[in-house]
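Using the working numbering, read the sequence shown as starting at 32 and increasing by one per residue. To start, the structure under review is shown below, and the notes come after it.
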Amino acid sequence: MMRIRFPDGGRTILTYCTNVHAIEDFDSVLAALARYCAPIRRRLGARRLSLGLWLSRRSASELSASSDARTRLREALAANGLELATLNGFPYGDFHAERVKEEVYRPDWADPRRHRYTLDLSHILCELLPADVEEGTISTLPLTYASTAGPASAEECATMLAHLAVDLDRLAERHGRQIRVCLEPEPDCIVETSDQAIAFFHDHLRPAVRRRGVDAAIVDRHLGLCFDACHQAVEFEDPVAAWRKISAAGIRVGKVQLSCALAVPAEASSRAEAALRPFDEIRFLHQVRRRDRKGVIEGWTDLAPALAARERFVEPADWRIHFHVPLHWEPEGQALRTTAKDLLGLIARVAAARPLPHLEVETYTWNVLPDSLRPRDDETLVEGIAREIEFAERALAACGAQRES
Numbered sequence: 032m033m034r035i036r037f038p039d040g041g042r043t044i045l046t047y048c049t050n051v052h053a054i055e056d057f058d059s060v061l062a063a064l065a066r067y068c069a070p071i072r073r074r075l076g077a078r079r080l081s082l083g084l085w086l087s088r089r090s091a092s093e094l095s096a097s098s099d100a101r102t103r104l105r106e107a108l109a110a111n112g113l114e115l116a117t118l119n120g121f122p123y124g125d126f127h128a129e130r131v132k133e134e135v136y137r138p139d140w141a142d143p144r145r146h147r148y149t150l151d152l153s154h155i156l157c158e159l160l161p162a163d164v165e166e167g168t169i170s171t172l173p174l175t176y177a178s179t180a181g182p183a184s185a186e187e188c189a190t191m192l193a194h195l196a197v198d199l200d201r202l203a204e205r206h207g208r209q210i211r212v213c214l215e216p217e218p219d220c221i222v223e224t225s226d227q228a229i230a231f232f233h234d235h236l237r238p239a240v241r242r243r244g245v246d247a248a249i250v251d252r253h254l255g256l257c258f259d260a261c262h263q264a265v266e267f268e269d270p271v272a273a274w275r276k277i278s279a280a281g282i283r284v285g286k287v288q289l290s291c292a293l294a295v296p297a298e299a300s301s302r303a304e305a306a307l308r309p310f311d312e313i314r315f316l317h318q319v320r321r322r323d324r325k326g327v328i329e330g331w332t333d334l335a336p337a338l339a340a341r342e343r344f345v346e347p348a349d350w351r352i353h354f355h356v357p358l359h360w361e362p363e364g365q366a367l368r369t370t371a372k373d374l375l376g377l378i379a380r381v382a383a384a385r386p387l388p389h390l391e392v393e394t395y396t397w398n399v400l401p402d403s404l405r406p407r408d409d410e411t412l413v414e415g416i417a418r419e420i421e422f423a424e425r426a427l428a429a430c431g432a433q434r435e436s
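Shown next, in the form of structure tokens:
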């Protein structure tokens, strides 16, 4: 299995997220297990591969409504040497539409549809979770997109999440399986940094649970954070310092998404515009942050408006772009870098955490990479994802971990 064990007996799961595949309905989910997931498992030489499965609202509805569909999924997982320990519940609709951009944040956590979708995912995962996995995790959006948020948005989202926490507690009592829903901070959402995440839990979420007359401890049992390495790197957050703050605040990180952002070092700023243009594409948002020599950070909502601000590339400054690039990719030339060094530092810190979070490679952008990096076919995509998982495995091995046989 792709179970990872440390010398002290600590165990976790290393997986990849299937949101890289266009699997908007249930039939396409089943097809992807054989088309992509099983070949990746074989390429890794793993007897069994855990998955970070993305299920859209449409797929989740089909599975929730039909025990036969859930049986088919369980049988397809087993037939392909796969298992399910974590879900991606961030994209609600078609994540591979021609244009996704800010639509990925709809519906937000003030909308009952987001609650219903996430609770359906929780029931599905509860039923399919392997017997020896103590906790299933589901990553979700960090409340709402900042540009569309109102003054009461944080409170409204906290109220809905408090409702979810109560539902998850009942689910655990009924089935004896633990599910943790993890907010995933992201640039330009109302929770984008570790400090904002901590403030939301302390100032909004725990009080919202108490207002329901329920012990706020259910927040700690059933809710938490998903630490996306790319997102925090874009914010110029030191990942180890951010992890320490989150831990000190008593917030569980249930899942870490192993991801790298695109970066430009200050000395290459004048050459960055041309190097970044091939990454300006129409499907996903690619938020941008620029930090000058004085430490002042400014941002853009997407790569296109950042590239249009041509004068900002003249003076030396560090740039970070929310474009998930392959973990093992080493850019040629001097203009581009990745945040792989930050990721390796995070992995070393996470390896010391107990209990360990789930570890999920999440490079959903393979099919929108520049032509020179984009997979030519299924075989090269499988190879690329397998190499990413191997990159993560080597980093964990450097911390004393090894794959369980």
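Glycine included, C-beta positions come from ideal geometry on N, C-alpha and C.
Using only CA atoms, which one of the options lies nearest to residue i?
i      : options                        : result
Ala429 : His317, Ala383, Arg78          : Ala383
Ala339 : Leu307, Arg324, Gly41          : Leu307
Trp496 : Val413, Pro173, Leu387         : As displayed, the chain neither begins before 32 nor continues past 436, which places residue 496 out of reach and without an answer.
Ala128 : Val51, Thr117, Ala63, Ala196   : Val51
Arg385 : Met33, Gly41, Arg34            : Gly41
Ala432 : Asp402, Ala379, Glu133         : Ala379
Pro162 : Glu114, Leu152, Thr171         : In the sequence under discussion, the amino acid at residue 162 is Ala, which differs from the Pro named in the question. Considering only alpha carbons, the answer is Glu114.
Asp234 : Arg137, Gly83, Ala183          : Ala183
Arg79  : Leu94, Ala53, Arg34, Leu316    : Arg34
Asp139 : Leu108, Thr190, Arg101         : Thr190
Leu236 : Leu254, Thr224, Glu223         : Leu254
Arg275 : Arg320, Arg302, Phe258, His262 : Phe258
Ala264 : Thr179, Leu334, Pro309, Thr369 : Thr369
Lys325 : Val356, Val164, Asp349         : Asp349
Ala335 : Arg243, Ser90, Ala196, Arg314  : Arg314
Val223 : Val250, Phe267, Asp251, Asp246 : First, the residue type needs correcting, since residue 223 is Glu and not Val in the sequence shown. Among Val250, Phe267, Asp251, Asp246, the Cα nearest to that of Glu223 belongs to Phe267.
Thr179 : Asp219, Asp373, Ser225         : Asp219
Thr117 : Arg351, Ser170, Arg73          : Ser170
Ala371 : Ser403, Trp360, Gln365         : Trp360
Ser81  : Ile420, Leu192, Glu217         : Ile420
Ala247 : Leu195, Ala294, Ala292         : Leu195
Phe354 : Leu377, Arg320, Gly83          : Arg320
Gln318 : Val327, Ala305, Ala337, Leu387 : Ala337
Asp402 : Ala100, His154, Pro309, Arg322 : Pro309
Val356 : Asp323, Leu293, Gly207, Thr149 : Leu293
Gly415 : Pro70, Glu55, Gly285, Ala63    : Pro70
Gln209 : Leu75, Asp409, Cys157, Arg322  : Cys157
Leu75  : Leu84, Thr46, Ser90            : Thr46
His146 : Glu435, Glu134, Leu174         : Leu174
Leu192 : Ala426, Phe232, Asp226, Gly181 : Phe232
Can you look up residue i in the DSSP assignment and give me helix, strand or coil?
i      : result
Leu113 : strand
Ala228 : helix
Val240 : helix
Arg208 : coil
Gly124 : coil
Gln263 : helix
Phe354 : strand
Cys430 : coil
Tyr47  : strand
Gly255 : strand
Ser301 : helix
Ser59  : helix
Thr411 : helix
Arg314 : coil
Ile221 : coil
Ile416 : helix
Arg380 : helix
Val271 : helix
Pro347 : coil
Leu400 : coil
DSSP puts residue i in a beta bridge; with which residues?
i      : result
Arg137 : DSSP, once it has assigned bridges, lists no residue as partnering Arg137.
Glu93  : None, per the DSSP bridge assignment.
Arg341 : None, per the DSSP bridge assignment.
His389 : Lys286
Gly83  : Cys48, Thr117
Leu214 : Thr171, Leu256
Gly330 : Arg320
Leu293 : Ile352, Thr369
Ile35  : Thr43, Arg434
Could you check how far apart the C-beta atoms of residue i and residue j are, in whole angstroms? I think they sit under 8 Å.
i      : j      : result
Leu289 : Ala423 : 5 Å
Ala65  : Ser59  : Not quite, the Cβ-Cβ distance comes to about 11 Å (not below 8 Å), so this is no contact.
Glu93  : Phe57  : 4 Å
Cys48  : Val287 : At roughly 12 Å, the Cβ-Cβ gap does not stay under 8 Å, so Cys48 and Val287 are not in contact.
Asp151 : Ser95  : 4 Å
Leu159 : Leu104 : 7 Å
Ala230 : Glu187 : That pair is no contact at about 16 Å.
Asp333 : Leu316 : 5 Å
Ala297 : Pro347 : 4 Å
Gly285 : Arg211 : 4 Å
Thr149 : Cys213 : Actually they are not in contact, since the Cβ atoms of Thr149 and Cys213 sit about 11 Å apart, beyond 8 Å.
Counting only beta-carbon atoms, is residue i nearer than 8 Å to chain B?
i      : result
Leu202 : The question asks about chain B, but that chain is absent: this structure has only one protein chain.
- Whole beta strand (DSSP E) elements within the region 130-201, 3-residue minimum: 166-171
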